[in-house]
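Report on the structure given below.
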Amino acid sequence: MTPLDNAMKSKNMFLAFGGLITAVGVWTIWGGNMFPSEPDPTGDPETWTREEMRRWLAARNLYPQDSDTEEQLLERIKINLRVPRRTRPAENEPLLPV
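The numbering used here numbers the first residue of the sequence shown as 105 and each following residue consecutively.
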């Protein structure tokens, strides 16, 4: 009997294969973006809802407060209208500028 025959009959090999399949399944399900973020609101900021204003500010790390009024949110949006949306750094890109 060859080592390959012994490996094919091994219970450990079967369990390792089952574990690999399970790991791939879990990675496929949980590894992606399960709840993708909503797109930025478009058009005139004066017509946006309070939630759209808060989402726009949060996407740019401008952290709106729960107590902010719609007028305060709109003012912050107008001031920061040219700030680009936050994106994830590339795999080989440093988190901080060097």
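Just so you know, even glycine gets a beta-carbon here, dropped at the ideal spot from N, CA and C.
- Counting only runs of at least 4 residues, the stretch 141-173 fully encloses the following alpha helix (DSSP H) elements, listed from N- to C-terminal order: 154-162.
- Excluding residues up to 5 positions away in sequence, 149, 150, 157 lie with their Cβ nearer than 7 angstroms to the Cβ of residue 178 in the same chain.
- For residue 139, the secondary structure class from DSSP, reduced to helix, strand or coil, is coil.
- Comparing C-alpha distances from residue 174 to each of 161, 114, 186 shows the shortest one belongs to 161.
- Annotation: residue 181 to residue 132 spans about 37 angstroms, alpha carbon to alpha carbon.
- When the Cα atoms are used, residue 170 and residue 155 turn out to be separated by approximately 11 angstroms.
- Taking the Cα positions, residue 110 is about 55 angstroms away from residue 143.
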